[in-house]
Amino acid sequence: MSVNKRYGQMFQLATKAVKYYLLGVFGFVVFCAVAAVMNMFNLVQPVLHDIVSFLLRLAALLGIFTATAIVAESLRR
Numbered sequence: 001m002s003v004n005k006r007y008g009q010m011f012q013l014a015t016k017a018v019k020y021y022l023l024g025v026f027g028f029v030v031f032c033a034v035a036a037v038m039n040m041f042n043l044v045q046p047v048l049h050d051i052v053s054f055l056l057r058l059a060a061l062l063g064i065f066t067a068t069a070i071v072a073e074s075l076r077r
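For the sequence shown, position 21 (counting from the first letter as 1) is numbered 21 according to full-length UniProt numbering, and the numbering increases by one without interruption.
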């Protein structure tokens, strides 16, 4: 198995972080949908605001990290 040398390590880390972030958001959305269908949304509702706030802050952090990786990658070449 060969390692992709086309992009730098920082950019590869940023893309993996975004991938797992989106997988986590998708899992949370599926959990909320299943809870709503089963009329168990009251389990999610008390912490929904905190989780959404955390996910938005994490998205901003990942966006900044990705932008930094893109700039660093373009300066490297």
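Even for Gly, the Cβ is constructed at its ideal location relative to N, Cα and C.
Sub-9 Å separation of residue i and residue j beta-carbons
i   : j   : result
A72 : F28 : no
A67 : L13 : no
V25 : L48 : no
Three-state secondary structure (DSSP) of residue i
i          : result
V29        : helix
residue 89 : Absent from the model: residue 89. The displayed extent of the chain is 1 to 77, so no value can be given.
R77        : coil
A17        : helix
V44        : coil
Inset, instruction - Count the CB pairs spanning the region 30-37 and the region 53-66 that are closer than 8 Å, and state whether there are at least three. - result: Output reads no: the region 53-66 does not touch the region 30-37.
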